[in-house]
Amino acid sequence: MRKKIIAANWKMNKTVGESMAFLDTFLLELGDERRVEVVIAPPFTALAKVSERLSASDRVKLAAQNMHWEKPGAFTGEISAEMLRELFVRYVILGHSERRTLFGETDETVNRKTRAALAASLRPILCVGETLEERDGGKVESVLERQLRLGLQGVSPEDMAELVVAYEPVWAIGTGRTASPAQAQEAHAFIRSQLASLGGKTVADKVRIQYGGSVKPGNAAELMSQPDIDGALVGGASLDARGFVEIVKNSN
Ligand code: PEP
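Letter by letter, the sequence shown follows residues 218 to 469 in the working numbering.
And the structure:
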């Protein structure tokens, strides 16, 4: 049985003060919820304070929204795996479609980051998903197949078991348009079949596959009831503490 994993991707939102105010409400309202794994990915500037605040509880884990693949050195503006480890970061979101489309990330750079994260014992949340044009052109499976094959090149089956994959159809991110539970389930089952061909069925059965794209309190339960949907990566709706608690509670 895969434990559901619900992650908040705050993107370029929330100052340190706003992050603390969110946690005041969120941790109180979340109570002792342990059936679902909860992860928060604040911006880099808030990681240290959020980490300090979360260290008192083991209910919520910390994620980064990106990292660089190189060891510490002359890479202005970048953040290394070691820096994240020092702050007790457990997960790192890699290959988010905003990184791919706005910041030039490719399957190759996503692969470098994935391997570097795993080598540093950080668990990648590897984002994959098709654009609307690709969906309309009947290319969903070929896009997902390519992103997984290239993104996971050189990753051992043992490391692959540590992975979380986020299926995020680009047309559903921040648009208010959600994939129907059936559309999402179909893509998730395909992703699991690809993971089985890359790492074997035992590994594929362990990997949690999140859905991301306009998840809200009102649609979380139906999406999460699909057999291959093991959680959610939540953008906009994770910015509101009470709304995000509702998503977590509706997801089990
Ligand atoms: C995301 O960016 O990962 C995401 C799913 O965003 P939203 O929930 O706002 O669609």
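Note that the Cβ used here is the ideal one computed from N, Cα and C, for glycine as well.
Contact between I426 and V382 is confirmed by a C-beta separation of about 5 angstroms, below the 8 angstroms threshold.
Between D324 and G368, the CB-CB gap stays under 7 angstroms.
Between D445 and R394, the beta carbon gap of about 21 angstroms keeps them out of contact (Cβ cut-off 8 angstroms). Of the heavy atoms belonging to the ligand PEP, at least one sits nearer than 6 angstroms to the Cβ of S431. The DSSP assignment places no complete beta strand (DSSP E) segment of no fewer than 3 residues inside the stretch 309-343. Between A421 and A437 a beta carbon distance of about 24 angstroms is seen, past the 8 angstroms cut, so the two are scored as non-contacting. DSSP places A281 in the uninterrupted beta strand (DSSP E) bounded by 277-281. A straight-line Cα-Cα distance of about 12 angstroms links G429 and S397. When secondary structure is reduced to three states using DSSP, N469 falls in the coil class, being assigned neither helix nor strand. Under the criterion of beta carbons closer than 8 angstroms, E347 and P386 qualify as touching, at roughly 6 angstroms. For G248, the distance from the CB to the nearest heavy atom of the ligand PEP is not below 6 angstroms.
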